[in-house]
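**Student:**
Numbering (this note's numbering), first residue to last: 43 to 188.
1. Less than 9 Å between the C-beta atoms of residue 177 and residue 140, yes or no?
2. Would you call residue 78 buried or exposed, if buried means 16 or more other Cβ atoms sit within 10 Å of its Cβ?
3. What does the alpha-carbon distance come out to for the pair residue 129 and residue 184?
4. Under the assumption that residue 170 contacts residue 150 (Cβ atoms under 8 Å), give the Cβ distance between them as a whole number of angstroms.
5. Excluding five sequence neighbours on each side, which residues of the same chain lie with their C-beta closer than 7 Å to the C-beta of residue 157?
6. Return the chain-ordered list of same chain residues with a C-beta closer than 7 Å to the C-beta of residue 113, the five sequence neighbours on each side being excluded.
7. Restricting to Cα atoms, I'd like to know which of 168, 115, 160, 120 is closest to residue 133.
8. Thinking C-beta only, is residue 143 closer than 9 Å to residue 182?
9. Compare the beta carbon distance of residue 147 and residue 179 with 9 Å and say whether it is the shorter of the two.
10. Check residue 144 in the structure and name its three-state DSSP category.
11. Along the chain, where does the beta strand (DSSP E) containing residue 165 start, and where does it finish?
12. In the DSSP assignment, what residue or residues form a beta bridge with residue 241?
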């Protein structure tokens, strides 16, 4: 064997058969990937856009602030049992609240009746995904006039 680079180990007919089988298998895999790829779906209509939620002002058709408060936090995600309030100035009874978001600044307190130790959303210490704030121990939320 004088030229090892030219040696393929197969006869020309066997090499062509192996190459065709490999090409056919690769083409089948590519076709399966293209067919199996899901198409993206449009977001649900009830999900607010980032701009609607992050601007701090309600959408034009909405005159009252929206407050969303939930019972659980997992890493940077707020969820669990959630309540959405849309209305005027009030003190919301919100036991078991661990995170909240609002379209305007609100106060959150560790006692019912908007009493005890209170903070405001605008000075959130731990921000979570989706514009939420980690508010452990919240028992009530003060919504102002806007």
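For every residue, glycine included, the Cβ atom is placed at its ideal position computed from N, Cα and C.
**Tutor:** In this structure, then:
1. Residue 177 sits at position 135 when you count from the first residue of the chain shown. Residue 140 sits at position 98 when you count from the first residue of the chain shown. Cβ distance < 9 Å, so residue 177 and residue 140 count as in contact.
2. The residue labelled residue 78 in the question sits at position 36 within the chain shown. The predicted position of residue 78 is uncertain, since its pLDDT is 42 and thus under 50; no value can be drawn from it.
3. The residue given as residue 129 occupies position 87 in the chain shown. The residue given as residue 184 occupies position 142 in the chain shown. Each residue's alpha carbon lies about 12 Å from the other.
4. Your numbering for residue 170 matches position 128 in the chain shown. Your numbering for residue 150 matches position 108 in the chain shown. That pair is no contact at about 14 Å.
5. In the chain shown, residue 157 corresponds to position 115, counting from 1. Around residue 157: 151.
6. Locating residue 113 in the chain shown gives position 71, where the first residue counts as 1. Closer than 7 Å at the Cβ level, and outside the excluded window around residue 113, lie 122, 123, 138, 139, 140.
7. Indexing the chain shown from 1 puts residue 133 at position 91. Residue 160 is the option with its Cα nearest to residue 133.
8. Position 140 of the chain shown, counting from 1, holds the residue named residue 182. Position 101 of the chain shown, counting from 1, holds the residue named residue 143. In this structure, residue 143 does not lie closer than 9 Å to residue 182 by Cβ.
9. Within the chain shown, the letter at position 105 stands for residue 147. Within the chain shown, the letter at position 137 stands for residue 179. No. Outside cutoff.
10. Start at 1 with the first residue of the chain shown, and residue 144 comes out as number 102. Assigned with DSSP and collapsed to three states, residue 144 falls in strand.
11. On the chain shown, residue 165 is found 123 positions in, with the first residue counted as 1. Note, residue 165: premise wrong, no beta strand (DSSP E); not H, not E.
12. Outside the modelled stretch of the chain, which goes from 43 to 188, sits residue 241, for which no answer is possible.
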